[in-house]
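One structure is given below, encoded as structure tokens.
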Amino acid sequence: MMWTLGVFDTRALVRAPLLICYIPRSLSFGGPMHSPLAVLLALLSITGGSPRSHAADAEWTSAADPAAQQPKPPKDEAPNDKPAPQVLAPQNAVLALKRWHDASLCSSCKGLGKITKKETTGTNVVKPDGPGPTIRQPITNDVLAECPTCSGEKLTKEPRLAAAAKTFAKTLAQVDITSERWPDAHDDLLANLHTLVDLGKSAWKSRLNQSIGVLLTGTVLKSAQPIVFVGFLDQERQKNETDDRVLWISVGNTSVRFEKPRLVDSTGLGQVVPLSVLCGGWLVQREDETGRFVSVVENGFVMSIR
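Per my numbering, numbering of the sequence shown is gapless, rising by one per residue and ending at 334.
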């Protein structure tokens, strides 16, 4: 039997970097054994292993990363503490109301409800001194017409109106009413709210009530939020209310309990006919004495629409 000297560098397959062995010529598959595959097969027949087992052995002998074996710290499942409500100076509410007023104006007519346009009232005929055609010049005058942008309602139809209204409601709910400046700010706010309500009158409902969505349907809220809408004074529930600091406002089929409103226009509160009001504040929900969830607005405002 003749033998052939074979040399093969197994590297990661076996621990020895260099292996010298004798390979029978009968394993050369009928010719000189120069193929690497043939050498590998011959080695495996001698060592009794496989590439997969040697590779696995090499993996087990590799050094483990100590950082990867460190246990991960447990996640903090405790809820994050919510920050305490911010207390604002009364002047903040005055500024927020001014921004609401400015944001409510129609950008085309600036809150007038009318625009000025040219109207042709006649024709002026000019005859030339010499030969030539007669010149006709239109006679125009400036006339007032209904603003096509706001349909004469003075209020913008842009979403900025509702956004500014909610900002005012939120600011008013956070004002420090124990401040010595609150009485003066209260009077200013009440007067300026009168002006704002009179600006839009019946148009407020179409601008605000579409944005309240399902906030007043009795669904439990995850967190409180500002709200502004148009409703009616609920005369029936108001008659049975023993707390004089509570007002009941109905909107659709829902009655909303206004607790301790900070700005109230008492004009018409005692009348029999339904009183339309522009109102808002900080909306929360809680259970009533029967276990039902009731929408409650705190530290808000209630202004009659006359």
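Yeah, the Cβ is synthetic: ideal placement off N, Cα and C, and Gly gets one too.
>> Is it buried or exposed, Thr184, if we count other Cβ atoms within 10 angstroms and call 16 or more buried?
In response: buried
> What are the partner residues of Cys307, as DSSP defines its beta bridges?
Replying inline: Phe257 and Val330
> From the DSSP output, which residues share a beta bridge with Trp276?
Replying inline: Arg285
>> Report the CB separation of Gly180 from Glu186 in whole angstroms; it is logged as a contact under 8 Å.
In response: Gly180 to Glu186, Cβ: 17 Å. No contact.
>> Do Gly259 and Val274 count as a contact pair if the criterion is CB distance below 8 Å?
In response: no
> Looking at the unbroken beta strand (DSSP E) that takes in Gln114, where does it start and where does it end?
Replying inline: Gln114 -> no beta strand (DSSP E), and no H or E assigned at all.
> Which partner residues does Thr144 have in the DSSP bridge list?
Replying inline: Leu172
>> With a threshold of 6 Å on Cβ separation, who are the neighbours of Pro118 within its own chain once the five nearest residues in sequence on each side are excluded?
In response: Val203, Ser207, Arg209, Trp210 and Ala213
> In whole angstroms, what is the alpha-carbon distance linking Phe196 and Pro289?
Replying inline: 14 Å
> Considering only the beta carbon of each residue, do Glu326 and Ala201 sit closer than 8 Å?
Replying inline: yes
>> Here's the rule I'm using: 16 or more other beta-carbon atoms within 10 Å means buried, otherwise exposed. How should Ala219 be labelled?
In response: exposed
>> I'd like the list of long-range same chain contacts for Ala190, defined as Cβ closer than 8 Å, with 5 residues on each side in sequence excluded.
In response: Arg235, Leu236, Ser239 and Val256
> Under the three-state reduction of DSSP, which class applies to Val324: helix, strand or coil?
Replying inline: strand
> What does a CB cutoff of less than 6 Å around Asn152 pick up in its chain, not counting 5 residues either side in sequence?
Replying inline: Gln165 and Ile167
> CA-CA distance, Lys229 and Thr149?
Replying inline: 34 Å
>> Measuring alpha carbon to alpha carbon, tell me which residue in Pro176, Leu217, Asp293 and Trp310 is nearest Arg285.
In response: Trp310
> So, are the CB atoms of Trp10 and Leu125 less than 8 Å apart?
Replying inline: This structure cannot speak to residue 10, because the chain is shown only from 29 to 334.
>> Let me make sure I understand the geometry here. Which of Val171, Leu227, Asp293 and Phe321 has the alpha-carbon closest to that of Ser283?
In response: Phe321
> So who's on the other strand from Val153, going by DSSP bridges?
Replying inline: Arg164
> Do the CB positions of Leu291 and Leu261 come within less than 8 Å of each other?
Replying inline: no
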